[in-house]
Amino acid sequence: MKGLDWGEMFDKYGEGVYDTAALEKRIHDLMEDDEIMKKSGIYRYVLSGDLRDLSFRTFDKKQKRETYERQKGICVHCGKHFELEEMEADHITPWKDGGTTVAENCQMLCKNCNRIKGGK
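For the sequence shown, full-length UniProt numbering assigns the number 1 to the initial residue and increments by one for each residue that follows.
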């Protein structure tokens, strides 16, 4: 893919022994995934395992539902109860600070608290 620093990737991962058939299948499956925003990061991701290489910033429906249930519908900022549709998934450790889009880094905030938090 254009724009990838293949030399740097070789320097970092070139000594590894890889199952090329498994890598190709994984790359194909990831290319087909509509939620991956940065397709060029797939190659680095299959070697590094770092989810940030995919720019995978949105939590899926299952992660949102599980977090909502775990919090019993309570916004962690204002402490009020809301229906799932009145809440938004938020990264506990912000994406810009290296937080990944995994269930352990998800919290549900009411829309108002998420807007206020986003401005800080």
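The beta-carbon is built from N, C-alpha and C at its ideal position, and this holds for glycine as well.
| query | result |
| --- | --- |
| Beta-ladder partner(s) of C106, from DSSP | H91 |
| Spatial neighbours of L23 in its chain, beta-carbon cut-off 6 angstroms, leaving aside the 5 residues before and after | V46 |
| Cβ-based neighbour list, I92, same chain, cut-off 6 angstroms, excluding 5 preceding and 5 following | N105 and Q107 |
| Straight-line Cα distance separating Q63 from K72 | 14 angstroms |
| Other residues of its chain near E66: CB distance less than 7 angstroms, five sequence neighbours each side excluded | A103 |
| Burial state of C78, where buried means 16 or more other Cβ atoms lie within 10 Å | exposed |
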